[in-house]
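Undergrad: Protein chains in written order, with this note's numbering: chain A, 4 to 237; chain B, 4 to 237; chain C, 4 to 237; chain D, 4 to 237; chain E, 4 to 237; chain F, 4 to 237.
#1: For my contact list, residue 28(D) and residue 193(D) are in at a C-beta cut-off of 8 Å; report their separation, rounded to the angstrom.
#2: Relative to the C-alpha of residue 19(A), which candidate in 213(A), 144(A), 35(A) and 61(A) has its C-alpha closest?
#3: With DSSP as the reference, label residue 102(D) as helix, strand or coil.
#4: Straight-line CA distance for residue 77(F) to residue 170(A)?
#5: Cβ closer than 7 Å: which chain B residues qualify as neighbours of residue 195(C)?
#6: Pairing CB atoms from the segment 43 to 57 of chain D with CB atoms from the segment 37 to 57 of chain E, are three or more of them under 8 Å?
#7: Return no unless some Cβ of chain D is closer than 7 Å to the Cβ of residue 192(C).
#8: Within 10 Å of its beta-carbon, does residue 173(A) have 16 or more other beta-carbons around it, so buried, or fewer, so exposed?
#9: With contact counted as at least three CB pairs below 8 Å, one residue from each stretch, are the segment 137 to 147 of chain C and the segment 5 to 21 of chain C in contact?
#10: Are the beta-carbon atoms of residue 21(B) and residue 15(B) separated by less than 7 Å?
#11: When the cut-off is 7 Å and only beta carbons count, does residue 151(B) lie next to chain A?
#12: Tell me, please, whether the CB atom of residue 116(F) is closer than 7 Å to any CB atom in chain A?
#13: Tell me which residues share the same chain as residue 189(A) and place their Cβ nearer than 7 Å to its Cβ, disregarding the 5 neighbours each side in the sequence.
#14: Could you check what DSSP says for residue 167(C) in three-state terms: helix, strand or coil?
#15: Leaving out five residues on either side along the sequence, give the residues of the same chain with a beta carbon under 7 Å from the beta carbon of residue 227(B).
#16: Identify, in the order they occur along the chain, each residue of the same chain with its Cβ nearer than 7 Å to the Cβ of residue 41(C), setting aside the five sequence neighbours on each side.
#17: So that I know if they touch, is there some Cβ in chain E lying closer than 7 Å to that of residue 205(D)?
#18: Within the same chain, show all residues whose beta-carbon is closer than 7 Å to that of residue 72(B), passing over the 5 residues directly before and after it, in chain order.
#19: Kindly say whether residue 174(E), judged by its beta-carbon, lies nearer than 7 Å to any beta-carbon of chain F.
#20: Near residue 120(E), which residues of its chain fall below 7 Å by C-beta distance, leaving aside the five closest residues on each side in sequence?
#21: Determine the DSSP secondary structure at residue 224(C), reduced to helix, strand or coil.
#22: Counting only the same chain and skipping the five closest in sequence on each side, list residues whose C-beta sits under 6 Å from that of residue 105(A).
#23: Name the one or two DSSP bridge partners that residue 60(E) has.
#24: Contact check, residue 90(D) vs residue 51(D) under 8 Å by CB: the rounded distance?
#25: Residues of chain F with CB closer than 7 Å to the CB of residue 189(A), please, in chain order.
#26: Chain C partners of residue 212(B), CB-CB under 9 Å?
#27: Which two residues bound the contiguous beta strand (DSSP E) that contains residue 31(E)?
#28: Have a look at residue 222(B) and residue 175(A) and give me their C-alpha separation to the nearest angstrom.
#29: Measuring only the C-alpha atoms, how far is residue 200(E) from residue 32(E)?
#30: Within a Cβ cutoff of 6 Å, which residues of the same chain sit near residue 215(D), ignoring the five residues on either side of it in sequence?
#31: Based on the DSSP output, what are the partners of residue 219(F) in its beta bridges?
#32: Should residue 191(A) and residue 155(A) be called a contact, given that it needs their Cβ atoms to be closer than 7 Å?
#33: Between the C-alpha atoms of residue 96(B) and residue 88(B), what's the straight-line distance to the nearest angstrom?
#34: In chain F, which residues lie less than 7 Å from residue 221(A) when you measure between Cβ atoms?
#35: Do the CB positions of residue 130(F) and residue 59(F) come within less than 7 Å of each other?
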């Protein structure tokens with residue numbers, strides 16, 4: 004089995020094989036402001052600049068322009084990497100606007116379009132890394148739990164057929180450590196990473212709660228967001 | 004990237020760039036009496052009087068007259084600023100009365116009218132700052148979660164197309180610190196500010212829980228409401 | 004802005020302007036036996052006997068006769084004040100009986116009748132103070148949340164059009180201090196007063212949680228119910 | 004106003020006027036085995052044997068025979084009092100069996116029959132005291148909350164028209180002290196008495212949480228069930 | 004009134020009359036693995052071998068063969084007692100399989116068949132003791148709460164007409180002491196016995212929470228399951 | 004009665020008869036990453052390599068290829084055992100994809116196909132051990148609770164007719180010790196094993212909460228996942 008280096012300071016060392024098992028789909032859970040989107044883009048940025056692995060960012064919540072702007076303060080020139088074909092941002096916000104026509108939203112057509120677009124782009128760019136931001140928006144577009152689950156199964160099966168290692172970002176309803184009820188769809192993923200903010204100590208922490216195909220450390224590790232992005236502190 | 008000064012004593016210093024990233028939509032959450040409406044009007048007042056940035060207050064809960072009256076004790080002459088075109092209050096309570104006809108409410112027509120009116124007024128006044136008071140009333144008019152989410156996506160997309168920095172006020176179901184479950188729509192916003200009242204210490208506190216495009220401090224900061232409005236205490 | 008004196012011992016002093024802002028609609032929340040009804044009637048009684056302001060008591064839960072009887076032990080002769088036109092009790096229990104015919108209840112006709120009756124009576128008596136006892140019964144008659152919210156908006160808008168300062172009594176599901184989840188309709192009101200019973204210390208407490216248009220103290224204040232009614236203790 | 008002596012050792016002294024205000028409808032809440040049924044029958048027994056006030060026991064849960072048997076160990080010969088016309092047990096379990104025919108249950112016909120029977124029996128026996136055992140069974144027969152509330156309003160209005168002082172027994176979902184969420188229909192009653200079992204100290208306690216028309220003590224009082232029934236301990 | 008000896012070591016002494024009041028229907032609540040089924044079979048076994056009272060075990064969850072196997076390790080030869088007519092196991096799992104045809108399940112026909120079979124068997128065998136294992140499976144077969152409640156009322160009324168003392172076993176959602184929310188149907192039973200496992204002390208405990216017609220001790224008593232079955236420890 | 008050795012270090016000794024009662028269906032509950040799938044495969048691997056008992060792994064969540072890959076790091080060559088007919092993986096993910104056609108999913112046809120396939124395979128391979136991974140996916144495919152329960156009863160009855168000892172894996176919503184609310188379908192199983200991660204001590208623990216037909220230890224036992232798989236630590 005091969006393993007994917009995240010390249011994020013201190014994260015790879017949390018796994019016995021120094022990275023994610025290649026091909027895994029990993030759920031990244033965190034409350035508002037927990038740093039999920041930064042984590043996702045840093046994974047693609049390191050892939051593009053250090054490991055020569057192209058990546059795709061599926062932007063469901065924000066326009067590509069805003070996605071680029073949000074990480075500009077870390078000195079990550081996503082716009083340039085995009086021109087070089089190393090990071091591709093799929094603008095899934097445009098279909099979002101169209102989807103607000105009720106019939107389309109409810110038919111689930113949206114998820115199939117998304118999967119088709121993603122597949123084409125993976126083949127075209129040779130991407131090895133995918134970030135989907137976010138599962139919450141897919142859930143938001145689903146009229147009931149059954150529809151959401153059907154969409155998730157389609158997405159999960161499709162991702163397992165592409166040769167990519169994926170982070171799926173999802174908003175948790177709490178930002179505190181110790182609130183540990185998992186969303187019911189967790190078992191569809193090969194891994195779960197939890198990013199939280201301990202409001203009493205004012206510290207950010209990251210914990211790996213599941214990772215199929217490798218052993219991993221069990222604790223919650225302090226991390227900071229500084230001028231270079233996310234960094235695990237010893 | 005440009006940044007917007009709130010002008011509220013002690014708030015701008017909580018962000019590494021001394022203000023909100025321009026263009027952000029920010030959710031201001033707080034329980035009853037937490038000071039959300041004062042925070043929102045103070046943001047517009049400072050914009051109008053200190054930074055020469057016109058603003059719009061979308062009054063869904065109260066008539067413009069009552070909105071003006073509520074902040075009169077701080078010496079903010081909103082009526083005069085309104086005549087000068089520096090603060091415009093959109094009276095969204097009149098449509099509210101009309102909307103109680105069941106068909107209109109359920110059709111979601113209301114949100115489109117609101118967006119259209121807001122767009123026109125932004126263009127006409129050159130407003131840079133918008134306050135929507137409140138999301139709770141929009142939710143109140145929605146017959147189910149799916150309708151609310153559809154409205155929120157329309158509003159969110161529309162706000163991102165206007166060149167404004169927006170505060171959307173929302174009532175939390177608790178006024179206590181430590182009750183930190185976020186409403187599910189939080190991820191649609193670029194930022195989240197939480198205003199709470201610690202009932203044991205009888206102190207008001209404000210915390211930034213998320214702000215895309217800038218680093219920010221993590222703690223909860225004591226603030227007071229005195230004769231000049233809101234003020235962060237060291 | 005003008006302010007209304009409650010005349011209840013120790014209550015007016017909790018507000019920076021010594022009373023409620025005139026025209027406010029205030030939610031009075033409390034568990035069973037918390038003293039809400041006594042608070043409401045004392046507000047009308049003081050208005051009628053001390054400040055020469057006529058009042059209206061909308062009795063949804065109990066017949067006027069029972070309302071009068073319940074406060075007789077405080078020496079408040081509501082029957083006499085009623086004859087003098089200083090306190091008017093609207094018997095909204097009679098329509099209540101009629102409303103149990105399913106069609107009428109579900110049509111929401113009830114709330115419109117109530118509003119119409121209240122308006123007429125305000126004009127006729129020159130009432131400045133209104134007490135609605137209780138919101139819980141209005142909720143009880145609503146077949147779903149959407150119907151209730153529609154009723155509340157109609158009531159809220161109508162109250163803001165009359166020139167009265169209103170207390171709306173509502174039953175909380177707990178009588179303990181520290182249980183502080185607010186009902187979702189709270190934001191429709193200009194103020195919230197919470198009356199609780201601390202079962203461990205066996206003390207009654209009152210707290211102002213919101214009051215638009217005036218500053219107020221933040222703490223919870225001990226009160227007693229003695230032979231003269233409600234009284235805040237220092 | 005007149006007051007009704009319960010005659011139960013130590014209970015009357017908890018009210019400033021030594022008893023319930025005559026005409027009140029009082030909810031007696033308690034978990035399984037809390038002693039509600041014993042409290043109810045003791046109230047009737049004392050009325051019949053000490054105060055010469057006839058009483059009616061509406062037996063919805065158990066047959067009259069079982070009701071009599073359950074209190075036989077206290078030496079209360081209900082059968083004899085029944086022959087003397089001092090205590091009448093209305094067997095509401097027979098209609099219960101009939102009501103399991105779906106149409107009848109859902110029509111709400113049951114509650115009207117019950118009210119009619121109760122009225123006739125009150126007139127016939129001159130009863131001053133009524134016990135309804137239990138509200139839980141009425142709820143059990145209701146297909147939704149709206150139907151239940153409609154039934155409760157009919158019952159509540161009807162009881163207020165009869166010249167009786169009523170205890171309505173209701174099963175709480177917990178038997179512990181400190182679990183103090185009230186059922187939503189509480190506000191329809193003039194009083195609430197809570198009977199609980201403190202499982203840590205293994206002590207039974209009784210608390211008055213509401214009583215219109217009289218002041219009452221606020222604490223929770225230890226009681227025992229011994230050979231004479233319920234008895235408050237100092 | 005007569006009383007039934009359970010014959011289980013230490014249980015009878017928890018009641019002032021050394022046993023259950025004859026004719027009572029008793030709910031035995033406990034989490035998975037709490038020992039409910041063993042308690043039920045031990046009650047029948049002791050009845051058959053010590054008190055010469057035949058018993059019936061209604062096996063809804065498992066086949067009679069498996070029921071017998073499960074208690075074989077205690078040396079209870081249920082198979083032999085069955086041949087002697089002292090313990091009869093009604094196989095209610097066969098109808099269970101048939102019932103998965105949707106129409107039959109939803110019609111509630113199942114409960115009537117069960118009652119009819121039970122009545123016939125009680126008459127035929129002269130059974131004095133009945134165990135129904137379990138209420139949970141009856142609930143499982145009910146499409147909504149209303150259907151379940153209708154079934155329970157039919158069962159409750161039918162049991163009260165037979166001359167038997169019944170244990171109805173039901174699975175609680177927790178196995179811990181201190182989780183004491185009762186299921187809503189509890190009030191239909193004359194008694195409630197709670198069997199729990201204190202996971203911190205790793206001790207099993209049994210508590211009587213209600214028993215009509217007799218006084219009982221209030222505490223929770225430690226018990227063990229050893230080679231002879233259940234045994235209360237002093 | 005016969006007993007099945009798991010062969011997992013330290014697990015068999017937790018049962019008084021050194022293993023599961025043969026024929027039992029056992030629910031293995033745990034949060035994401037608790038080690039359920041490893042436990043399941045280790046049970047089959049030990050059966051195949053130590054006890055010469057063939058096994059079947061019903062893979063609903065992942066393709067057989069991924070299942071094999073996930074345990075490769077323990078040195079378990081499932082692929083080879085599969086060729087030798089000692090472990091058979093039923094690929095239930097292919098029907099999963101088909102099932103996303105709405106009609107098929109809702110008809111419950113899926114579960115019958117699964118049962119039929121499993122029966123055939125048990126007969127063909129002489130399997131004595133079955134692992135179903137996972138119940139959560141079956142629940143995921145059910146449009147409501149009633150459908151799920153119907154499926155579970157069919158599965159439960161079918162498993163009891165085959166001569167196999169089965170582990171059914173199910174995802175719990177929490178990974179913490181002390182969160183002990185059981186899912187409602189627990190009583191359909193003969194045993195319950197709980198696998199949790201104590202996040203404060205960073206230790207994994209395993210507890211047996213129910214096992215029909217044998218006595219078992221009550222505590223929660225620390226285990227580790229090392230290069231050889233799961234191992235209970237003294």
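Built from N, CA and C at the ideal position, the CB exists for glycine as well.
TA: Reading from the atomic positions:
#1: 5 Å
#2: 213(A)
#3: Confidence at residue 102(D) is low in this model, with a pLDDT of 44, below 50, so its placement is unreliable and the value that follows should be read with caution. In this structure, residue 102(D) counts as helix in the three-state DSSP scheme.
#4: 26 Å
#5: 35 and 36
#6: no
#7: no
#8: buried
#9: The segment 137 to 147 of chain C vs the segment 5 to 21 of chain C: no contact.
#10: yes
#11: With its beta carbon at least 7 Å from every one in chain A, residue 151(B) lies outside the interface.
#12: Under the Cβ distance rule, residue 116(F) does not count among the residues neighbouring chain A, no pair being separated by less than 7 Å.
#13: 30 and 195
#14: coil
#15: 207, 234 and 236
#16: 74, 228, 232 and 233
#17: yes
#18: None.
#19: Interface residue, yes.
#20: Taking residue 120(E) as the centre and dropping the five residues before and after it, the same chain places the C-beta of 93 closer than 7 Å to its C-beta, in chain order.
#21: strand
#22: Note that residue 105(A) scores a pLDDT of 45, beneath 50, so its modelled location is shaky; the value from the coordinates is reported in the next line. Hits under 6 Å: none found.
#23: 92(E) and 134(E)
#24: 5 Å
#25: 35 and 174
#26: Within chain C, no residue comes near residue 212(B); the closest Cβ sits about 20 Å away, beyond 9 Å.
#27: 28 to 33
#28: 20 Å
#29: 12 Å
#30: 193
#31: 18(F)
#32: yes
#33: 21 Å
#34: 200 and 205
#35: yes
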